[in-house]
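Before any comments, here is the structure.
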Amino acid sequence: MTIAVMGGDGIGPEVTAQAVKVLRHMLPNAELEWAPIGLAGIEARGKPLPDETLALAKRADAILLGSVGGSVRGLDEARLPRAERPGTGLLDLREALVLFANYRPAVLYPELIGASSLRPEVIEGLDLIILRELNGDAYFGEPRGITTTPSNERVGINTIRYTESEIERIAHAAFRCARGRRKKLCSVDKANVLEVMQLWREVVTRVGRDYPDVELSHLFIDAASMELVRKPTQFDVIVTGNMFGDILSDAAAMLTGSIGMLPSASLGHDHRGLYEPVHGTAPDIAGKDIANPLAAILSVAMMLRHSFGLEDRAAQVEAAARAVLAQGYRTADIQQPGCRLVGTREMGDAVLDALRSAS
Ligand code: NAI
Ligand code: MG
C-alpha cells in the first residue's frame with residue numbers, strides 16, 4: 043500500500059512528522075511518499091498543487107496531510123489570485139479525487155473536560171460527527187468573482203450551488219454513518235430562505251426513506267448553531283453543506299477543548315481517503331515545537347479505519363491518545379493545572395510509547 047504524505051505549511055510538517063511516527067509503527071510495510079502542497083508546493087514548483095503531487099495522490103491508497111496556507115512571498119494570501127492561493131491546492135485536491143464527504147468527529151476526552159469552554163455537565167459524553175459536503179456550495183459554484191457593475195461599483199459574487207446527485211451521495215454517506223452509530227441524523231440547512239437548501243432538505247428526506255432505522259431531523263443553520271452550544275450531546279451525526287459545515291465544525295471543535303484535538307477524513311466513492319487535522323497552519327505558533335499533534339495522530343486512526351479497514355489498529359491509536367492524556371501529558375493548547383507540559387515531538391513520542399507498551 044502507498045500512502046502519500048503532504049506536510050504542507052506552518053505547523054503542518056511538525057504535526058505530520060508525529061503522525062508519521064505512529065503510521066510507521068502501525069503499518070510498518072506501507073510505502074510512504076512525500077510530496078509538496080500549499081505554500082510548500084508554490085515554493086517547490088510554483089503551483090499550490092504541483093502535477094507530481096496530484097499524480098501521487100491519484101495512485102496512493104491514502105493521503106496524510108498537515109495543513110496549508112499562509113502568506114506567499116510577503117503577500118497576503120487572500121489578495122493572491124485564486125489559482126495561486128495555497129488553499130486552492132487543497133480544494134483542487136479534494137475536487138480532483140472526488141472526496142465529497144468530510145467526516146469531522148468531535149469527541150470529548152474525559153481528561154479534557156476542564157479544557158472545554160462549556161460546563162462539564164453540558165459537555166460530558168459528547169461524541170458527534172459532523173459530515174460536511176466538500177465538493178459543492180459557495181466554494182465551487184459559478185458564477186463567482188469580483189466584477190464592476192455598469193454604475194462602476196465593485197460587486198463580489200459567489201454562488202451556492204448543489205445538484206440533486208451531489209446532495210444524494212452525501213445524504214447516503216450520512217445515513218450509513220448514522221446507521222453505524224446511534225442512528226440519529228440531523229440535517230442542517232437554510233431551507234426557510236435559500237432555494238438550494240429547499241432542494242437539500244427535499245433530497246435528504248427522500249434518501250431517508252431507504253434508512254427507516256435512522257431517525258432523521260432537520261434544523262436551520264442558525265438554530266443548529268444555538269443547539270450545538272446549548273445541548274451538544276443531543277447530536278449523533280450532523281450532515282450539512284460545505285460552508286455551514288466549515289463553520290459548525292470549528293464551533294464543535296472548541297467544545298472539545300482545542301482544535302488541536304480534532305482529526306478529519308475526506309472520503310469519496312472508494313476506500314481512498316485524505317486524512318488531515320481540522321486545524322490550519324497556525325502561523326502564530328509555527329516552528330516552535332508547541333503545536334498539539336494529537337489531531338494529526340488521530341487522523342492516522344481514521345485512515346486505518348476507513349482506508350484500510352483496520353478497526354482494531356485504529357482503536358489502538360485512539361486508546362494511546364487517551365492514555366497519554368490520562369498520564370497527564372499536555373501541549374500548551376490543552377494545558378491544565380498539575381499536568382505535564384510537553385512539546386509537539388514529546389507528545390508524539392509519548393503516544394508511540396503508549397502504543398509500544400500496549401502491544
Ligand atoms: P488555525 O487552525 O491555523 O489556527 C486557529 C487557532 O488555533 C490559532 O490560535 C492556532 O495557534 C490554534 N491552533 C491550531 N492548530 C493547533 C494545534 N495543533 N495545536 C495548538 N494550537 C493550534 O486557523 P486560522 O488561524 O484561521 O488559519 C491559519 C492559516 O491556516 C490560514 O492560512 C488558513 O487559510 C489556513 N487553514 C488551513 C486549513 C487546512 O489546511 N485544512 C484549515 C484551516 C485554515
Ligand atoms: Mg475551517
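Okay, so the sequence shown: first residue is 43 according to this note's numbering, each after it adds one.
Glycine is no exception: its CB is placed at the ideal position from the N, C-alpha and C atoms.
- Residue 282 and residue 124 have their C-alpha atoms roughly 25 Å apart.
- Taking all protein chains in view, the Cβ of residue 79 is crowded by 16 or more other Cβ atoms within 10 Å, so the residue is classified as buried.
- Where residue 266 is concerned, the enclosing alpha helix (DSSP H) starts and stops at 263–272.
- With a cutoff of 8 Å on beta-carbon distance, residue 230 and residue 286 are scored as near each other.
- With a cutoff of 7 Å, residue 348 does not count as near ligand 1, since its C-beta is closer than that to no heavy atom of the ligand.
- Rounded to whole angstroms, the separation of the alpha carbons of residue 82 and residue 253 is 44 Å.
- Secondary-structure assignment with DSSP links residue 106 through a beta bridge to 47, 317.
- Shortest Cα-Cα distance from residue 56 to any of 129, 67, 167, 323 involves 323.
- Excluding residues up to 5 positions away in sequence, 200, 201, 202, 203 lie with their Cβ nearer than 7 Å to the Cβ of residue 183 in the same chain.
- Excluding sequence positions up to five before and after residue 137, its CB lies within less than 8 Å of the CB of 177, 182, all in the same chain and listed in chain order.
- With contacts defined by Cβ atoms closer than 8 Å, residue 349 and residue 104 form a contacting pair.
- In the structure shown, residue 140 adopts coil according to DSSP, grouped into three states.
- Counting only runs of 4+ residues, the alpha helix (DSSP H) found wholly inside the segment 137–213 occupies 162–165, in chain order.
- Taking every protein chain shown into account, the CB of residue 235 has fewer than 16 other CB atoms within 10 angstroms, so this residue is exposed.
- For residue 230, the enclosing beta strand (DSSP E) covers residues 226–231.
- The straight-line gap separating the alpha-carbon atoms of residue 304 and residue 193 is approximately 47 Å.
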